[in-house]
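Engineer: Listed in order, the protein sequences are those of chains V and P. Mapping of the first sequence onto the working numbering: position 373 corresponds to residue 446, and the numbering continues sequentially without gaps. Mapping of the second sequence onto the working numbering: position 7 corresponds to residue 14, and the numbering continues sequentially without gaps. Ideal placement from N, C-alpha and C gives every residue a C-beta, glycine not left out.
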Amino acid sequence: MLIKDVVCPFCGCLCDDLDVEVENGRIIRVDNACTLGSKTMVGDDRLKAPIRRDGKGWIETTYDAAIEEAAQILLDADRPLLYGWSRTHGEAQGIGVHLAELIGGVVDNTSTVCHGPSILAIQEVGHPGCTLGQVKNRADLIIYWGCNPIDAHPRHMSRYTTYATGFFVKDAHRDRKVIVVDTRRNESADVATEFVQVEPGGDYAVLSALRAIVRGRGDVVPPSVSGVSREQLVRVAEMCKNAKFGAIFFGLGLTMTAGKNKNVRNAIELTDELNRHTKFIISPMRGHGNVYGTNEVFTWITGYPYAVDFSRGIAFYNPGETTAIDILRRGECDACLVVASDPAAHFPKPCVEHLARIPVVQIDPHPNATTHICRLQIPGSVAGIDAAGTAYRMDGVPIRLKAIIETGVPNDTEILQRLYNRVREAKGE
Amino acid sequence: MKVMMNTGRTVPQGESVERKHSPEYESAASVCFIHPVDMMVLGIEDGAHIRLSGSGGSVVLTAVASETVEQGSVFVPLGPFSNHIVSGETHCTGMPDFKSTMVEIIPTEDPVPSVAELMEALGGVRYAH
Ligand code: SF4
């Protein structure tokens with residue numbers, strides 16, 4: 074059976090034009106997706122049942138027993154951390170936030186280690202953004218700053234920018250210019266009109282120089298700024314000012330290097346400056362399929378997009394203190410519920426060391442690095458493959474993920490709802 | 008040799024990220040792209056093993072010559088290998104220095120560990136799927 078217009082749940086592009094062929098309850102062919110997407114759709118490396126650690130080995134257990142044990146671990150904890158959420162649907166994320174409130178825990182999502190600093194910058198100076206449809210139809214200048222879409226969001230260029238035909242951009246190749254700014258000559262740089270190579274850690278200075286030039290104060294800019302010549306900076310500034318509609322997409326090259334949120338703030342302020350001359354927008358290249366959804370769901374329930382601490386009985390937010398990395402580095406939490414992410418692979422070693430010391434329950438279908446350090450893993454179905462639900466694309470557009478096969482595996486919402494109900498019952502509420 | 012370590016996604020790492028037990032993932036995530044001139048300075052060939060040590064810890068990786076990285080810096084795919092080097096310090100931002108960690112590199116004969124071995128060393132119990 075051929076299913077059309079399937080959404081790929083892997084990255085923040087959430088491409089919604091996949092053709093998927095299903096036979097006997099299995100996905101046998103995927104068309105239109107990139108390699109990352111196809112591998113996600115056809116991959117079947119999943120746990121068949123919940124597993125629990127038993128001394129020096131592992132044994133399978135039932136969903137009932139696993140949920141009971143998970144509830145006890147959370148009930149026994151004084152400072153539980155509920156982390157992950159970006160690879161599941163919004164419905165499950167919502168229950169996660171309510172569970173954190175019920176047990177007075179900290180709930181944080183993976184934006185803490187990707188675009189958390191971008192959120193901090195946006196909270197300071199705002200977000201002049203737009204949907205990807207606007208970019209596709211209008212933008213004649215694209216800037217990729219500190220990101221490598223060819224590797225991380227492989228269809229971003231073909232669906233929305235470099236190779237996409239838009240309403241006002243009939244011949245993308247001729248009508249759209251692309252500037253890539255990065256510390257290394259990545260694959261995306263090879264297709265750019267202009268490549269700007271910045272010395273590591275130099276983004277803030279380069280952004281400041283561009284702001285000065287756009288402001289008409291190029292005279293204060295030295296001949297070379299963090300490895301970039303003044304001539305090139307002036308040329309880039311002119312390209313930006315002469316564009317009809319420019320779009321800056323930035324990645325972890327700004328959020329993970331020295332300056333972090335201040336880099337992003339400077340990039341937003343450059344966008345602000347450019348809007349005195351023409352129309353310009355800026356947006357983060359969100360990584361995981363539904364990481365943007367975590368920020369939406371957390372915000373509409375608690376008022377804050379990530380790192381929410383309920384230990385005071387109210388929602389408290391202080392990134393740098395209530396963020397997962399900081400809580401783990403300080404060795405503060407005494408139990409952790411991981412949902413739909415893999416902190417053992419993506420957190421620094423000192424944080425993983427603490428996770429290995431405390432009881433960790435993981436809700437995730439795939440054996441991953443966190444499996445080796447958890448006490449209990451409960452597999453749920455995968456949003457967009459065998460579970461339906463809502464996800465948010467990187468530009469904030471909600472998209473409905475379909476269940477395209479039926480596996481009989483409970484979805485994350487069902488597992489978390491049962492866990493929530495059990496904890497609530499035990500607390501006598 | 009002291010260099011700046013950058014980390015990020017690569018297609019081979021992304022393709023196999025949901026199969027972290029697979030040999031593809033382990034070999035895609037346990038490489039270190041390094042400039043050929045820096046390799047000469049270290050006296051190593053393409054495919055040699057090197058130990059990277061940073062503020063968070065140290066790990067053995069396979070060196071891969073690449074002219075896309077600048078001299079004085081290296082690129083390691085994001086994942087459990089690169090994170091064995093990064094510290095948990097966030098400078099009050101919540102975000103570690105994933106893309107700007109200074110590392111010391113030395114050639115070594117030690118083997119490149121598996122993800123399970125890395126986790127066992129931290130106190131985990133290997134799960135063989
Ligand atoms: S670009 Fe992203 S959403 Fe689109 S097919 Fe590739 S992985 Fe999936």
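Within 7 Å (strictly less), CB to CB, does V:TYR467 reach chain P?
Structural biologist: Taking the first residue of the first sequence as position 1, residue 467 of chain V is located at position 394. The identity of residue 467 of chain V in the sequence shown is Met, whereas the question assumes Tyr. Not closer than 7 Å to any Cβ of chain P, the Cβ of V:MET467 fails to qualify, so no.
Engineer: Any idea what DSSP makes of V:GLY462, helix, strand or coil?
Structural biologist: Along the first sequence, read from residue 1 onward, the residue named residue 462 of chain V stands at position 389. Strand.
Engineer: Tell me, please, whether the CB atom of V:HIS445 is closer than 7 Å to any CB atom in chain P?
Structural biologist: The residue you call residue 445 of chain V lines up with position 372 of the first sequence. Output row for V:HIS445: interface = yes.
Engineer: Looking at chain V, is there any beta carbon in it that lies within less than 7 Å of the beta carbon of P:CYS39?
Structural biologist: As a first step, residue 39 of chain P must be located in the second sequence, where it is residue number 32. Output row for P:CYS39: interface = no.
Engineer: Under DSSP, the beta strand (DSSP E) around V:SER356 begins and ends at which residues?
Structural biologist: Residue 356 of chain V sits at position 283 when you count from the first residue of the first sequence. Its beta strand (DSSP E) spans residues 352-357.
Engineer: What's the call for V:ILE436, buried or exposed, on a 16-neighbour Cβ count within 10 Å?
Structural biologist: On the first sequence, position 363 is the one that residue 436 of chain V refers to. Buried: at least 16 other Cβ atoms inside 10 Å.
Engineer: Among the residues of its own chain, which have a CB less than 6 Å from the CB of V:ILE216, if the five just before and after it don't count?
Structural biologist: Here the question's residue 216 of chain V lines up with position 143 in the first sequence. Hits under 6 Å: ILE252 and ILE321.
Engineer: List, in order along the chain, the chain P residues whose C-beta lies closer than 7 Å to that of V:ASP100?
Structural biologist: Within the first sequence, numbered from 1, the residue matching residue 100 of chain V stands at position 27. Looking at the sequence provided, one finds Ile at residue 100 of chain V rather than Asp. Within chain P, no residue comes near V:ILE100; the closest Cβ sits about 14 Å away, beyond 7 Å.
Engineer: Within 7 Å (strictly less), CB to CB, does V:VAL170 reach chain P?
Structural biologist: As a position in the first sequence, residue 170 of chain V is number 97, starting the count at 1. Cβ-Cβ to chain P under 7 Å: no for V:VAL170.
Engineer: Would the segment 204-223 of chain V count as touching the segment 179-194 of chain V if we require 3 or more Cβ pairs under 8 Å?
Structural biologist: They do not touch, by the three-pair rule.
Engineer: So with CB distances below 7 Å, who are the chain V contacts of P:LYS106?
Structural biologist: Locating residue 106 of chain P in the second sequence gives position 99, counting from the first residue. Within 7 Å Cβ-Cβ: LEU325, GLY326, MET329 and THR330.
Engineer: Are the CB atoms of V:CYS86 and V:HIS229 within a distance shorter than 7 Å?
Structural biologist: Counted from its first residue, the first sequence places residue 229 of chain V at position 156. Counted from its first residue, the first sequence places residue 86 of chain V at position 13. Yes, the pair counts as a contact, with Cβ atoms nearer than the cut-off.
Engineer: By the criterion of Cβ-Cβ separation under 8 Å, what are the contact partners of P:VAL44 in chain V?
Structural biologist: Position 37 of the second sequence, counted from the start, is the residue given in the question as residue 44 of chain P. Residues of chain V passing the Cβ test: none, with the nearest at roughly 15 Å.
Engineer: Grouping DSSP H, G and I as helix and E and B as strand, with all else coil, what is P:THR17?
Structural biologist: Residue mapping note: residue 17 of chain P aligns to position 10 of the second sequence, counting from 1. Correct three-state label for P:THR17: coil.
Engineer: Please list, in chain order, all residues with a C-beta atom less than 6 Å from at least one heavy atom of the ligand SF4.
Structural biologist: Every residue passing the under-6 Å Cβ criterion appears here: V:CYS81, V:PHE83, V:CYS84, V:CYS86, V:LEU87, V:CYS88, V:ALA106, V:CYS107, V:LEU109, V:GLY110, V:HIS226, V:PRO227 and V:ARG228.
Engineer: Between V:THR372, V:PRO471, V:VAL434 and V:LYS129, which has its C-alpha nearest V:GLN196's C-alpha?
Structural biologist: Counting from one through the first sequence, the residue named residue 196 of chain V turns up at place 123. The candidate whose alpha carbon is nearest that of V:GLN196 is V:THR372.
Engineer: Under 7 Å between the Cβ atoms of V:VAL370 and V:VAL180?
Structural biologist: Along the first sequence, one-based indexing puts residue 370 of chain V at 297. Along the first sequence, one-based indexing puts residue 180 of chain V at 107. Contact flag unset, no.
Engineer: Near V:LEU175, what residues of its chain come up, given a Cβ to Cβ distance below 8 Å and the 5 sequence neighbours on each side ignored?
Structural biologist: Sequence index remark: in the first sequence, residue 175 of chain V carries index 102 (1-based). These residues qualify, in order along the chain: TYR493, VAL496, ARG497, LYS500 and GLU502.
Engineer: Within the 7 Å Cβ cut-off, does V:CYS424 reach chain P?
Structural biologist: Counted from its first residue, the first sequence places residue 424 of chain V at position 351. True, the Cβ-Cβ gap to chain P drops below 7 Å.
Engineer: By Cβ distance, which residues of its chain are closer than 8 Å to P:GLU127, with the 5 residues on each side in sequence left out?
Structural biologist: Reading the second sequence from its first residue, position 120 is the one you call residue 127 of chain P. Excluding positions up to five away in sequence, the list reads ARG133.
Engineer: List the residues that DSSP assigns as beta-bridge partners of V:VAL287.
Structural biologist: In the first sequence, residue 287 of chain V corresponds to position 214, counting from 1. BP columns for V:VAL287 are empty, so no partner.
Engineer: Here's a check: name, in chain order, each residue in its chain whose Cβ is nearer than 7 Å to the Cβ of V:CYS424, leaving out the five neighbours to either side.
Structural biologist: The residue labelled residue 424 of chain V in the question sits at position 351 within the first sequence. ILE398, LEU401 and ARG402.
Engineer: With 7 Å as the threshold, decide whether the Cβ of P:ARG16 is near any Cβ in chain V.
Structural biologist: What you label residue 16 of chain P is simply residue 9 of the second sequence in a count that begins at 1. Yes, its Cβ sits closer than 7 Å to a Cβ of chain V.
Engineer: Since V:VAL269 contacts V:THR256 with CB under 8 Å, what's their CB separation in whole angstroms?
Structural biologist: By 1-based counting over the first sequence, the position of residue 269 of chain V is 196. By 1-based counting over the first sequence, the position of residue 256 of chain V is 183. Not confirmed; about 10 Å, so no contact.
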